[in-house]
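> Per this note's numbering, the sequence shown starts with residue 1, numbered consecutively. All residues carry an ideal CB built from backbone N, CA and C; glycine is no exception. Quick caveat, the model's predicted, so the values are computed rather than measured.
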Amino acid sequence: MRQRGQILVLALVAVGLVMVNTLVIISGSLLFFQNTKYTVQGAQALALAEAGIDKALAALNASGGNYAGEEETFLGEGSFSVQVINVDSNTKKIEATGYVPSRENVKTRRSINIMAAKGMGAAFNYGVQVGDGGLEMSNNSKIEGSVYSNGNIIMAGQASITGDVFVAGGIQPFPDQNHDCDDLSCIDYKFGLTEGGESRTGVSQSFQPATSGLLNKVALKLKKYGYPVDVPVYLLEDKAGYPDGARVLASGTLTANLVTSDYGFVEVFFPSPPSLTAGMTYWFMMYTENNNQNYWSWAADSLGGYTTGKGMWSNWGVKNPVWTDTGSDFSFRTYTGGVITYISGNDSVVGGSSYANTLQSLLVGGEAFYKTEDDLMVQGSPCVNNSNCHPDSDNPVAQPMPLSEANIQNWKNMAETAGVYSGDINNCPNNLPSGKYLGSLSVPNNCVITIDSPVWFTGTLDMNNGGILKLNPSYGLSSGVVVADNIITLNNNNKILGTGIAGSYLFLVSDFNSRDDPLRQDAVILNNNGNSGAVYTNLGSVRISQNNTLIEITAWKLKLENGVTVSYEQGLSRVFFTSGPSGSYALVKGTYQLK
């Protein structure tokens with residue numbers, strides 16, 4: 001009997017253990033289910049909040065800024081609410097909250113805050129970005145940050161760059177193929193919409209290169225209507241006189257922010273440049289969704305003056321797209337590569353990694369990527385049996401300038417619309433209203449001028465000692481520009497300032513063309529000591545002397561003299577320029593907050 005009782009006790013214990021384990025498994029499963037459900041609902045609430053942000057931006061642009069939000073809008077598995085608060089004349093704070101399943105019976109909610117402003121964004125990803133003219137650094141000059149150059153870099157003794165250095169594979173300075181319409185033959189060819197019953201989602205232009213080699217970039221003459229998004233650009237082979245969509249040789253991206261409402265040539269680079277054969281037919285093609293509010297126009301020659309190619313359109317994106325001749329040729333340019341580029345260091349220092357076709361006489365703190373090298377030291381050792389050296393690497397790809405010629409022309413057009421003023425300015429006005437000034441600006445000693453952007457001077461811009469140009473505080477988070485057609489000169493201790501809010505800057509932009517100037521004059525000159533700010537020139541050279549500290553320099557060519565230091569402000573990679581009352585509202589990058 002005692003044994004049978006013990007067996008019963010053991011059986012009860014075993015059953016109890018099984019029941020406990022079963023309960024643990026069930027409770028764990030329930031907990032997992034609840035957590036999974038909560039995670040799914042959280043993702044749904046976040047998606048609803050982001051839908052509210054999208055709705056707010058669209059409503060602000062559709063109403064000219066007269067949108068205050070909405071109490072509750074049902075969508076999918078829940079709802080969202082939106083609140084819009086005026087920050088200043090150009091800026092709105094938007095808070096959108098997503099609810100699952102509803103605001104009244106909420107189980108999960110997510111909120112997003114952003115700032116939205118009227119204008120356009122630009123990416124300044126490098127403290128120094130240089131075009132084909134390249135970079136020249138004199139003794140003891142220093143760049144704090146990274147450098148991207150489309151031309152050669154020459155560093156004198158004890159010059160240094162603290163970050164990474166990129167020199168792109170060289171591009172020929174003049175186009176291999178170049179066609180543009182003239183005033184009498186120019187027409188607008190709209191695409192990305194339905195026009196006259198034609199669903200124009202694809203457009204293409206054929207061409208024949210004159211020389212064999214790598215195709216590094218194309219330039220397309222475009223303008224936009226509304227606010228279309230970035231567009232892929234493909235290089236295709238020819239098939240019986242039509243673009244062959246099955247044979248893509250390369251692809252790049254047309255950046256929408258570089259295109260304005262006025263025509264201008266905008267560059268598109270191919271990250272993997274294809275090799276083309278002279279006399280063969282190729283096509284570049286753009287594809288975009290059909291949107292009758294946000295679309296594009298490509299300048300076209302109605303006389304079809306480009307005899308070795310033609311323009312076509314298609315309903316690209318359907319199962320069997322059909323290509324149709326437009327009867328016109330589009331405005332375009334093609335540029336080939338093959339120019340060997342280099343970094344020549346004279347035993348100068350690169351703190352990060354170095355990327356170029358050829359590296360010469362450099363002390364590199366990171367890694368080295370190249371095809372050929374001479375007298376190269378990487379992390380203290382030569383490149384023989386050095387795992388930080390990477391011979392036969394591909395050349396870096398040339399980068400577009402952050403602002404296009406069309407962007408600069410658009411600011412000029414806005415300034416002219418704001419008002420036209422005649423005569424030079426040599427005194428010290430408290431404020432310069434937005435406008436076109438037919439003359440030059442000379443800022444006297446210790447003068448402080450508040451700027452309403454954009455301002456355009458057709459002459460020169462000179463700042464003497466202790467001058468300050470600052471953007472009107474009413475511009476809030478936005479940035480602004482002062483454009484001069486001629487040379488900009490800064491002497492001692494001049495400052496170029498934004499509104500005082502982090503992320504706001506005032507850029508000095510010179511439209512002077514040093515590249516084609518027979519005297520090769522500099523477009524921007526910074527003399528002596530203590531000048532600070534941001535300078536930009538697409539076609540000009542910038543010369544900086546002595547101990548000037550800049551937060552951003554972008555130029556066709558840059559020359560740093562003895563002892564110059566350029567420091568890079570990380571936040572400058574996200575700059576938002578105001579575009580005045582007619583601009584569109586868009587997210588100010590860096591202001592997205594999830595609550």
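Out of Asp452, Leu471, Asn446, Val455, which one is the CA nearest neighbour of Asn464?
Asn446
> Should the stretch 527–545 be regarded as contacting the stretch 94–110, the criterion being three or more beta carbon pairs within less than 8 Å?
no
> Please report the straight-line C-alpha distance between Val231 and Asn531, rounded to a whole angstrom.
39 Å
> What does DSSP give as the partner residues of Lys310 in its beta bridges?
In the DSSP output, where bridge partners are listed per residue, Lys310 has none listed.
> Suppose you measure from the CA of Ile425 to the CA of Asn431; what does that come to, to the nearest Å?
12 Å
> DSSP three-state call for Ser474: helix, strand or coil?
It is helical.
> Nearest by alpha-carbon distance to Ala256: which of Ser514, Thr277, Ala278, Tyr225 is it?
Tyr225
> Cutting at 7 Å between CB atoms, please list the residues of its own chain near Asn386, excluding the five before and the five after it.
Val378
> Considering Gln177, what are the terminal residues of the beta strand (DSSP E) in which it resides?
177–179
> CB Tyr585 to CB Ala116, shorter than 7 Å?
yes
> So is Ile53 buried or exposed if we call it buried at 16+ other beta carbons inside 10 Å?
buried
> Could you tell me the distance, in whole angstroms, from the CA atom of Ala299 to the CA atom of Lys221?
6 Å
> Going along the chain, which unbroken runs of the beta strand (DSSP E) with 3 or more residues stay wholly within the stretch 43–75?
69–75
> Quick check on Ala356: does DSSP put it in helix, strand or coil?
coil
> Helix, strand or coil for Asn494? Go by DSSP, reduced to three states.
If DSSP states are grouped into helix, strand and coil, Asn494 belongs with coil.
> Note down the Cα distance separating Asn292 from Val259, rounded to an integer number of angstroms.
18 Å
> By Cβ distance below 6 Å, which residues in the same chain neighbour Asp132 in space, the five residues on each side in sequence not counted?
Asn150, Gly151
> Assuming Gly134 contacts Thr162 (C-beta within less than 8 Å), just tell me the rounded distance between them.
With a Cβ gap of about 19 Å, Gly134 and Thr162 do not count as contacting.
> CA-CA distance, Gly419 and Leu184?
29 Å
> Please report the straight-line C-alpha distance between Gln546 and Lys470, rounded to a whole angstrom.
The alpha-carbon of Gln546 is positioned some 24 Å away from that of Lys470.
> On the criterion of 16 or more Cβ atoms from any shown chain inside 10 Å, does Ile544 qualify as buried, or is it exposed?
buried
> Our contact map puts Ala56 next to Gly69 with C-beta atoms below 8 Å; I'd like the distance itself, whole angstroms only.
7 Å
> Can you name the residues that DSSP bridges to Tyr263?
Answer is none; Tyr263 lacks a bridge partner.
> Tell me, please, whether the CB atom of Asn430 is closer than 7 Å to any CB atom in chain C?
The chain labelled as chain C is not found in the depicted structure, where only one protein chain is given.
> If I follow the unbroken alpha helix (DSSP H) through Lys371, where does it start and stop?
Segment: none, Lys371 is in no alpha helix (DSSP H) and carries neither H nor E.
> For the putative contact between Thr341 and Ala168, defined by C-beta atoms under 8 Å, what is the C-beta separation to the nearest angstrom?
7 Å
> Give the single residue among Asp516, Phe207, Glu267 whose Cα lies nearest to the Cα of Thr277.
Of the candidates Asp516, Phe207, Glu267, the one whose C-alpha sits nearest the C-alpha of Thr277 is Phe207.
> Assign Lys217 to one of two classes, buried (16 or more other C-beta atoms within 10 Å of its C-beta) or exposed (fewer than that).
buried
> Among the residues of its own chain, which have a CB less than 8 Å from the CB of Ser393, if the five just before and after it don't count?
Excluding positions up to five away in sequence, the list reads Tyr355, Phe369, Tyr370, Lys371.
> Would you mind stating whether Trp456 and Lys436 have Cβ atoms separated by less than 7 Å?
yes
> Need the endpoints of the alpha helix (DSSP H) that Thr417 sits in, please.
405–418
> Look at Pro273 and Leu214 and say whether their C-beta atoms are less than 7 Å apart.
yes
> Taking the straight line between their C-alpha atoms, what separation do you get for Val349 and Val318?
54 Å
> Between Val397 and Phe269, which are expected to be in contact by the criterion C-beta below 8 Å, what is the C-beta distance as a whole number of angstroms?
6 Å
> Would you identify the three-state DSSP class for Ala256, choosing helix, strand or coil?
helix
> Assuming Met670 and Thr554 form a contact by the criterion Cβ under 8 Å, report the distance between their Cβ atoms to the nearest whole angstrom.
With the chain represented from 1 up to 595, any question about residue 670 goes unanswered, as that position is not in the structure.
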